[in-house]
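**Student:** Got a structure here, written out as structure tokens. Questions coming.
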């Protein structure tokens, strides 16, 4: 980094520090899990540092970026929903992706990932690749489109088909986990 980049980064971080408490409260009111709040704040900070165009109003940019990040995470989490019972799906999400609390949760997580790997192996390669890149490797559709040369709509269609198949294939496991 040259001196101009260092000075720019320092100005951005100074502006972030000035509104960090308010930004954290803004995110916290909308996101229930503290770990997610910290992750979003960290992601937004990284986005700010990596932004290429000049940011005139850093505070407004940060709040808009935080809102967009929360929306993106909400969409991603909804992709995993198996039922209309959001509370049950939240419990499942915590078992599969949260901190393991018991040996039973560890075993459930192991079984789930084995079943998911088996189900992914049964998908057509094109659908599996889109699902894995967007869900497991955190690619955006825009980045994946640039990498593959395929239109975003094609990628969305492939992922939708993969999610429908996985939801159907894993529904028995879901019911076994949630209705012991």
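Numbering (full-length UniProt numbering), first residue to last: 1 to 180.
By construction, the Cβ of each residue, glycine as well, lies at the ideal position given by its N, Cα and C atoms.
#1: Would you decide whether residue 158 is buried or exposed? Buried here means 16 or more other CB atoms lie within 10 Å of its CB.
#2: According to the neighbour-count rule (16 or more other Cβ atoms, all chains shown, within 10 Å of its Cβ), is residue 153 buried or exposed?
#3: Which same chain residues, not among the five before or five after residue 41, have their C-beta less than 8 Å away from its C-beta?
#4: By the 10 Å Cβ neighbour count, where 16 or more other Cβ atoms means buried, how is residue 134 classified, buried or exposed?
#5: If I follow the unbroken alpha helix (DSSP H) through residue 53, where does it start and stop?
#6: I'd like to know whether the C-beta atoms of residue 51 and residue 69 end up nearer to each other than 7 Å.
#7: Which same chain residues, not among the five before or five after residue 142, have their C-beta less than 7 Å away from its C-beta?
**Tutor:** Checking against the coordinates, here is how it stands:
#1: buried
#2: That one is exposed.
#3: 20, 23, 24, 27, 66
#4: buried
#5: Where residue 53 is concerned, there is no enclosing alpha helix (DSSP H), given that its DSSP letter is neither H nor E.
#6: no
#7: 152
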